[in-house]
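K.L.:
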Amino acid sequence: MSETFLDGRVQARQPETGFRSGTDAVLLAAAVPAQARQAALELGSGTGVAGLCLAARVPGVAVTGVEVDAALTALAVENAAASGLQAAFVAADIFILPPDLKRHFAQVFANPPFHGEGTAPPDPNRARALMDGGALPQWLSVGLQRTVSGGFFTVILRADRLNEALAGLPKSGVNILPLWPRQGMAAKRVILQARKGSRAPMGLLAGLALHEADGRYTDAAEAILRDGASLAMESGRL
């Protein structure tokens, strides 16, 4: 099936079954503070939606996505061409990166599998995309390793895995942004961003409400999801 993101700037064919990228990928890309000519690495790039949203928002950024599923990688390459965006996608295990990717990047970002232990979905591809088998600490470790000193590692997670994630991140230089379905509701997702080598105290940011009471996107969410606005991760602390 074919979908569009950022008001059509990103065209994405995605599998009919299994895991498909959606709103989380767009929000993740919006939180990456990339600049033109910086190198950015996505771990677990799927069909390329997050990386392509970043490329659309920041012209000139050099995006490379790594995805273990070769079929999804092929779709990501097609999606880049269909969108007219420059991004490279590589079929590889993030824990066994090719030699040319064992370097440091100014920006590293990831949407890891959302679940740890538990009952896996019957579809093997969906199971691989959704279940990390307890490997979240390893995802975070790889992300930090590949981030240059002073660079940023950005990740989106289920809110109830926040403690687990913080245990694998530095004690300083980390900001947390809650994503609320609506004002007054508990956050279901969080975006974490670590600046490697920073000694700044951990920050809890003001967060983003995605929907109004009637279900419409809030103006702030609409600006990100449709217009390609960035999602600030360094101001507005609670």
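The sequence shown begins at -12 in the working numbering and counts up one residue at a time.
We put the beta carbon where it would ideally sit given N, CA and C, even for glycine.
1) What are the residues that DSSP puts in a beta bridge with Ser(-11)?
2) What is the DSSP secondary structure of Asn98, reduced to helix, strand or coil?
3) Measuring only the C-alpha atoms, how far is Arg145 from Ala61?
4) DSSP three-state call for Thr34: helix, strand or coil?
5) Alpha carbon to alpha carbon, how far is Pro108 from Val53?
6) Out of Gly47, Leu153 and Ala93, which one is the CA nearest neighbour of Leu72?
7) CB of Ala12 to nearest heavy atom of the ligand MN: below 7 Å?
8) Does Leu218 pass the burial test, meaning 16 or more other C-beta atoms within 10 Å, or should it be called exposed?
9) Classify Leu123 as buried or exposed, calling it buried when 16 or more other Cβ atoms lie within 10 Å of its own Cβ.
10) Could you have a look at Leu195 and say whether DSSP puts it in helix, strand or coil?
11) Can you tell me which of the three DSSP states Ala235 falls into?
12) When we look at the beta-carbon of Phe92 and count the other beta-carbons within 10 Å, is it buried (16 or more) or exposed?
13) Here's the rule I'm using: 16 or more other beta-carbon atoms within 10 Å means buried, otherwise exposed. How should Lys183 be labelled?
14) Which residue spans inside the stretch 12 to 59 form an unbroken alpha helix (DSSP H) run of at least 4?
15) Provide the residue(s) that pair with Trp126 in DSSP beta bridges, ordered along the chain.
16) Can you tell me whether Ala67 is helix, strand or coil according to DSSP?
17) Return the residue from the list Val45, Ala43, Ala58 and Leu88 that minimises the CA-CA distance to Thr51.
18) Within 10 angstroms of the Cβ of Asp56, are there 16 or more other Cβ atoms? Answer buried if so, exposed if not.
19) Between Ala68, Ile81, Val135 and Glu3, which has its C-alpha nearest Trp226's C-alpha?
20) With H, G and I counted as helix, E and B as strand and the rest as coil, what does DSSP make of Pro86?
21) Quick check on Leu164: buried or exposed, where buried means 16 or more other Cβ atoms within 10 Å of its Cβ?
22) Taking DSSP as the reference, what is the three-state secondary structure of Ala174?
23) Tell me, please, which residues DSSP counts as bridged to Gln73.
24) Roughly how far, in whole angstroms, is the beta-carbon of Ile178 from the beta-carbon of Leu15, given that I think they are within contact range, below 8 Å?
P.N.:
A quick look at the data gives this:
1) Arg0
2) coil
3) 28 Å
4) coil
5) Confidence at Pro108 is low in this model, with a pLDDT of 49, below 50, so its placement is unreliable and no value can be given for it.
6) Gly47
7) The ligand content of the structure shown is nil, which means the ligand MN is not present either.
8) buried
9) buried
10) strand
11) No statement about residue 235 is possible, as the shown extent of the chain runs from -12 to 225 and does not include it.
12) buried
13) buried
14) 36 to 44
15) Answer by DSSP bridge pairing: none, since Trp126 is not bridged.
16) helix
17) Leu88
18) buried
19) In the structure as shown, the chain starts at -12 and stops at 225, and residue 226 therefore has no counterpart that could be examined.
20) helix
21) buried
22) coil
23) Looking at the DSSP assignment, Gln73 forms no beta bridge with any residue, so it has no partner.
24) 7 Å
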